[in-house]
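**Student:**
There are 2 protein chains.
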Amino acid sequence: MKNSQLYKGSLNTIIMKLLEENGKMYGYEITQKVKAITQGELNITEGALYPALHKLEAEGLLDVEIEKVDNRMRKYYKLTESGQKETVNRLSELEDFIRNMQSLVSPSPKLEF
Amino acid sequence: MKNSQLYKGSLNTIIMKLLEENGKMYGYEITQKVKAITQGELNITEGALYPALHKLEAEGLLDVEIEKVDNRMRKYYKLTESGQKETVNRLSELEDFIRNMQSLVSPSPKLEF
DNA sequence: CTGTTATGTATAAGAATCTTATGTATATTT
DNA sequence: AAATATACATAAGATTCTTATACATAACAG
């Protein structure tokens, strides 16, 4: 991903959320979309992305469909039914995570007397 | 930590933030504090915590001070000067991370016509 | 009084995720 | 003609965490 270790563990959730929103996407498209949404702050590397997609597919959360565009291969991924249910869970976990992290770092204001 | 992979990579930031707020803390105290703040949702395991503390110390971000209380050892950790500076960076990275994740998953509302 | 829970630290094996590097191939831009 | 963009893939190694184990004292429960 980027410089920060914080993104570790969040890639699956990002992929699934984007697929939920966009129906179907291919790998390279995902990297570009993420870059655009985060204004270049988050760059997903292929070495992280493709193994993640393969794993989600192996787990039955994604379906794949190969197309050829301009003589180049594209593997379009979309959520399975099981994947759609799991996406709801992952997003819920992400909300909890963000809430917990904010509780931990939000400046519980030090009262001064 | 807990069930979710999302927390992976965030432990160092949590530790440093708590030390910034509380001056000095010992390991077990950190686990209890995190549990309390997150209402039991996030449980830091010793297998993750102690190696993390040792590494932060080795990197010169933490200082350690041993005390004996009730015949039991406590290792109090506090931020070094370098650690204080680095904490600012880490918290800034965390803010960026949370902002980026919210951009990615916030329901860019689908307009219907 | 004896076993369990709480307090307190530590490490080692293995799992999961990611970085970095490399490889292949075509299309487009310079 | 060379560099960049598009498009997928994998392998070695780094990092971070889980799970299990280990040691030791204090407090509580049966």
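Order-wise, the sequence lines are chains F and W. Just so we're aligned, residue 1 is where the first sequence starts under UniProt numbering, counting upward by one. Just so we're aligned, residue 1 is where the second sequence starts under UniProt numbering, counting upward by one. Positions of the beta carbon are idealized from the N, C-alpha and C atoms, including for glycine.
Tell me which residues of the UniProt domain "Transcription regulator PadR N-terminal" (15-86) of chain F have at least one Cβ-Cβ distance to chain W shorter than 8 Å, keeping chain order.
**Tutor:** Answer in chain order: Lys-17, Leu-18, Glu-21, Val-34, Ile-37, Thr-38, Glu-41, Leu-42.
**Student:** For Leu-94 (chain F) versus Ser-4 (chain F), is the C-beta distance shorter than 9 Å?
**Tutor:** As a working note, residue 94 (chain F) is residue 94 in the first sequence. As a working note, residue 4 (chain F) is residue 4 in the first sequence. No, Cβ-Cβ distance for Leu-94 (chain F) and Ser-4 (chain F) is not below 9 Å.
**Student:** Have a look at the DSSP bridge pairing and note the partners of Lys-68 (chain F).
**Tutor:** Within the first sequence, the letter at position 68 stands for residue 68 (chain F). DSSP lists F:Met-73 as partners of Lys-68 (chain F).
**Student:** Could you pull out every residue in the same chain whose Cβ sits closer than 7 Å to the Cβ of Leu-49 (chain F), ignoring the five residues on either side in sequence?
**Tutor:** Position 49 of the first sequence, counted from the first residue, corresponds to residue 49 (chain F). So the qualifying residues of the chain are Gly-27, Ile-30, Thr-31.
**Student:** I think Asn-100 (chain W) touches Leu-42 (chain F), with their Cβ atoms under 8 Å apart; what is that distance to the nearest whole Å?
**Tutor:** The residue labelled residue 100 (chain W) in the question sits at position 100 within the second sequence. The residue labelled residue 42 (chain F) in the question sits at position 42 within the first sequence. Yes, they are in contact, since the Cβ atoms of Asn-100 (chain W) and Leu-42 (chain F) sit about 5 Å apart, within 8 Å.
**Student:** Buried or exposed, going by whether 16 or more other CB atoms sit within 10 Å of the CB of Tyr-7 (chain F)?
**Tutor:** Start at 1 with the first residue of the first sequence, and residue 7 (chain F) comes out as number 7. By the neighbour-count rule (16 or more Cβ atoms within 10 Å), Tyr-7 (chain F) is buried.
**Student:** Skipping 5 residues on each side, what residues in its chain have a beta carbon closer than 6 Å to that of Thr-13 (chain F)?
**Tutor:** For the purposes of this step, residue 13 (chain F) is taken as the residue at position 13 of the first sequence. Arg-90, Leu-94.
**Student:** For Glu-81 (chain W), count neighbouring Cβ atoms within 10 angstroms of its own Cβ and tell me buried if that reaches 16, exposed if not.
**Tutor:** For the purposes of this step, residue 81 (chain W) is taken as residue 81 along the second sequence, with counting starting at 1. Glu-81 (chain W) comes out exposed.
**Student:** Given a cut-off of 9 Å, decide if Glu-86 (chain W) and Tyr-76 (chain W) are closer than it, judged by their beta-carbon atoms.
**Tutor:** Position 76 of the second sequence, counted from the first residue, corresponds to residue 76 (chain W). Position 86 of the second sequence, counted from the first residue, corresponds to residue 86 (chain W). Cβ distance not < 9 Å, so Tyr-76 (chain W) and Glu-86 (chain W) don't count as in contact.
**Student:** Which value, in whole angstroms, describes the spacing of the CA atoms of residue 115 (chain F) and Leu-62 (chain W)?
**Tutor:** Coverage of chain F is limited to positions 1 through 113, which leaves residue 115 (chain F) absent and any answer about it impossible.
**Student:** Can you tell me whether DSSP reads Lys-24 (chain F) as helix, strand or coil?
**Tutor:** Here the question's residue 24 (chain F) lines up with position 24 in the first sequence. Strand, per DSSP.
**Student:** Within a Cβ cutoff of 7 Å, which residues of the same chain sit near Gly-83 (chain F), ignoring the five residues on either side of it in sequence?
**Tutor:** For the purposes of this step, residue 83 (chain F) is taken as the residue at position 83 of the first sequence. Excluding positions up to five away in sequence, the list reads Met-16, Leu-61, Leu-62.
**Student:** Let's test the definition: count the other Cβ atoms within 10 Å of the Cβ of Val-105 (chain W) and tell me whether it reaches 16, buried, or not, exposed.
**Tutor:** As a working note, residue 105 (chain W) is residue 105 in the second sequence. It counts as buried.
**Student:** Which stretch, first to last residue, makes up the alpha helix (DSSP H) that contains Gly-47 (chain W)?
**Tutor:** Walking along the second sequence from the start, residue 47 (chain W) turns up at place 47. Run containing Gly-47 (chain W): 46-58, per the alpha helix (DSSP H) assignment.
**Student:** Pick helix, strand or coil for Leu-94 (chain F), following the three-state DSSP scheme.
**Tutor:** Locating residue 94 (chain F) in the first sequence gives position 94, counting from the first residue. Helix at Leu-94 (chain F).
**Student:** For Leu-18 (chain W), count neighbouring Cβ atoms within 10 angstroms of its own Cβ and tell me buried if that reaches 16, exposed if not.
**Tutor:** Numbered from its first residue, the second sequence carries residue 18 (chain W) at position 18. Leu-18 (chain W) should be labelled buried.
**Student:** Could you work out which residues of chain W lie near Val-105 (chain F), taking near to mean beta carbons separated by less than 7 Å?
**Tutor:** Taking the first sequence and counting its residues from 1, one reaches residue 105 (chain F) at position 105. Residues of chain W passing the Cβ test: Lys-17, Leu-91, Leu-94.
**Student:** Quick check: what's the CA-CA separation for Ala-36 (chain W) versus Asp-70 (chain F)?
**Tutor:** For the purposes of this step, residue 36 (chain W) is taken as the residue at position 36 of the second sequence. For the purposes of this step, residue 70 (chain F) is taken as the residue at position 70 of the first sequence. Cα to Cα, Ala-36 (chain W) sits roughly 57 Å from Asp-70 (chain F).
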